[in-house]
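Undergrad: Okay, handing you the structure first.
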Ligand code: GLP
């Protein structure tokens, strides 16, 4: 089994197409007076998508009043107003620029005590469940095949939890944290199980640097060494790629 892929000329065109799909989903939910539950990702990959969603809000009146979002992950420990927090990332790139209600976005809390984390993670999942699950989950992919911060070795039924970051993930992040020593060692991530339960999953990847992991996760064996490969077993998951990231398929 392999995964459906859609290849675009470049990441800008791909991001616009994903934004159109999200807009259509939001509007169809609005017509039925329903909430639209979106799972959101951070990293460089979704930046163009968020820019396009902001544009659709400002220039085409797309409303986010019925949208409820759950972010995949946050570093731990992390203060929300810190320069590298995913809270700050989401506010600056999307949330502060659209009409989403403040009570309707959820990002894992990096300020909890260790003792609070397990209960918090269970509540995070319960909240998703109570809303009927995630309608559409947006994902990037780490160079090692992680989704969210579900690193190699994460199980397909893993829950939302505190995880240790792989060395390779920390090296990739260290450029933002001015060196490896300042880079967090742990993070809170939505588990693979809730990602797999999303009704629809779109994984985006850009550039030559992702070509090997795109091939391995999309066409290789399903293995917990490459958590993105679990998506091969999802019946409504697609990889949205640019020419470079798809070049080895
Ligand atoms: C980070 C995030 C992931 C993201 C990945 C890829 O570690 N936690 O959600 O998909 O790295 O990052 P980028 O999009 O910058 O390549």
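Residue numbers (UniProt numbering): 17 to 265. Using N, Cα and C, we set each Cβ at its ideal position, and we do this for glycine too. Just so you know, these numbers come straight off a predicted model, no measurement behind them.
Check each candidate in 121, 219 and 265 and name the one with the smallest Cα separation from residue 154.
TA: Locating residue 154 in the chain shown gives position 138, where the first residue counts as 1. Nearest C-alpha to residue 154: 219.
Undergrad: Could you tell me the distance, in whole angstroms, from the CA atom of residue 27 to the CA atom of residue 202?
TA: Residue 27 sits at position 11 when you count from the first residue of the chain shown. Residue 202 sits at position 186 when you count from the first residue of the chain shown. When rounded, the distance between both Cα atoms is 30 Å.
Undergrad: Residue 192 and residue 100: beta carbons closer than 8 Å?
TA: Start at 1 with the first residue of the chain shown, and residue 192 comes out as number 176. Start at 1 with the first residue of the chain shown, and residue 100 comes out as number 84. A contact, by the Cβ cut-off of 8 Å.
Undergrad: Once DSSP output is grouped into helix, strand and coil, what is the label at residue 186?
TA: As a first step, residue 186 is located in the chain shown; it is residue number 170 there, counting from the start. Helix at residue 186.
Undergrad: Measuring only from the beta carbon, is residue 185 closer than 7 Å to any heavy atom that is part of ligand 1?
TA: On the chain shown, residue 185 is found 169 positions in, with the first residue counted as 1. At least one heavy atom of ligand 1 is nearer than 7 Å to the Cβ of residue 185, so yes.
Undergrad: Using the C-alpha atoms, what's the distance from residue 214 back to residue 103?
TA: Against the chain shown, residue 103 aligns to sequence position 87. Against the chain shown, residue 214 aligns to sequence position 198. Cα-Cα distance, rounded: 22 Å.
Undergrad: In the DSSP assignment, find the alpha helix (DSSP H) that holds residue 65 and state where it starts and stops.
TA: Translated into the one-based positions of the chain shown, residue 65 becomes position 49. Looking at the DSSP string, the run of the alpha helix (DSSP H) that includes residue 65 is 63-76.
Undergrad: May I ask you to check if the CB of residue 58 is nearer than 7 Å to at least one heavy atom of ligand 1?
TA: Here residue 58 refers to the residue found at position 42 of the chain shown. Yes, the beta carbon of residue 58 sits closer than 7 Å to at least one heavy atom of ligand 1.
Undergrad: Could you tell me the distance, in whole angstroms, from the CA atom of residue 235 to the CA atom of residue 194?
TA: Along the chain shown, one-based indexing puts residue 235 at 219. Along the chain shown, one-based indexing puts residue 194 at 178. Their backbone Cα atoms lie some 36 Å apart in a straight line.
Undergrad: I need the boundaries of the beta strand (DSSP E) containing residue 177, first residue and last residue.
TA: Counting from one through the chain shown, the residue named residue 177 turns up at place 161. Start and end: 177-180.
Undergrad: How many Å lie between residue 245 and residue 123 at the Cα?
TA: In the chain shown, the residue the question calls residue 245 occupies position 229. In the chain shown, the residue the question calls residue 123 occupies position 107. Each residue's Cα considered, the two are about 25 Å apart.
Undergrad: Quick one: what's got a C-beta closer than 6 Å to residue 128's C-beta in the same chain, skipping five residues either side?
TA: The residue you call residue 128 lines up with position 112 of the chain shown. Only 136 meet the Cβ criterion.
Undergrad: For ligand 1, is there a heavy atom less than 7 Å away from the beta-carbon of residue 229?
TA: Counting from 1 along the chain shown, the entry for residue 229 is found at position 213. Not so, every heavy atom of ligand 1 lies at least 7 Å from the Cβ.
Undergrad: How about residue 157: is its Cβ closer than 7 Å to a heavy atom in ligand 1?
TA: As a first step, residue 157 must be located in the chain shown, where it is residue number 141. Yes, the beta carbon of residue 157 sits closer than 7 Å to at least one heavy atom of ligand 1.
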